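Step one of this worksheet: look at the structure below.
Numbering (UniProt numbering), first residue to last: 1 to 197.
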């Protein structure tokens, strides 16, 4: 599928739009369907992206942290979320938080997470969180962006490079998902996961 206007090929997400409000609203209407098992499932949705990165790079690591404010962060040491030149001297990031994952969302039998439930994509995490902060470190620049209920409320904010690459997703689950509970993080073939409580 080619994205109109940019000549880009969509493989995981549709690059032509940054927010799909109908998609996010659908998730919020049915939290039990899209986050079975509550917060633990949301953590696995984030870890699935780190696991994909680890598989393509021959092995990586991730850290899951439960913070005192009830938020949870998942940090990995992969390449960071993909970006593309916008043709005007800037760049756009892959719209993973606010649009559907084309591989999984509408195809619940496509992949199963270690909790035995279908993978739907990280937009489920964003839509069912009061807030989410996506921090991205790539070889071509680093930035952070905040979302509320899946909708970006800040622009990409540049941050200083620290010599590393990777992605950190920190989110505060909404009350409808239930209390913060971390999942069993075993079961990832190429990804080593550390849990910090």
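Backbone N, C-alpha and C define an ideal beta-carbon position, used for all residues, glycine too.
Predicted model, so just to flag it, every value in this text is computed and none were measured.
DSSP three-state assignment for residue 186, whether helix, strand or coil: Note: residue 186 maps to coil in three-state DSSP.
C-beta contact flag for residue 152 and residue 141 at 8 Å: Contact: no.
Residues that DSSP places opposite residue 73 in a beta bridge: Beta-bridge pairing links residue 73 to 65 and 170.
Residue 57 burial status per 10 Å Cβ neighbour count (16 or more: buried): exposed
For residue 123, the three-state DSSP class (helix, strand or coil): helix
Neighbour flag for residue 104 against chain B, beta carbons, 8 Å: The structure shown contains no chain B; it holds only a single protein chain.
Three-state secondary structure (DSSP) of residue 56: Look at residue 56 here: in three-state DSSP terms it is helix.
Cα-Cα separation between residue 14 and residue 99, rounded to whole angstroms: Each residue's alpha carbon lies about 7 Å from the other.
For residue 181, three-class secondary structure by DSSP: coil
For residue 167 and residue 103, the rounded distance between their alpha carbons: 20 Å
Within 8 Å, strictly: CB atoms of residue 128 and residue 173: Yes, the pair counts as a contact, with Cβ atoms nearer than the cut-off.
Cβ neighbour criterion (16 or more within 10 Å) applied to residue 109: Classification of residue 109: exposed, given that the 10 Å Cβ count is below 16.
Whole-number beta carbon distance between residue 77 and residue 11, since they are thought to touch under 8 Å: Wrong, their Cβ atoms sit about 23 Å apart, outside the cutoff.
Whole-angstrom distance between residue 79 and residue 179, CA atom to CA atom: 31 Å
From 25, 50 and 121, residue whose alpha carbon lies closest to that of residue 107: 121
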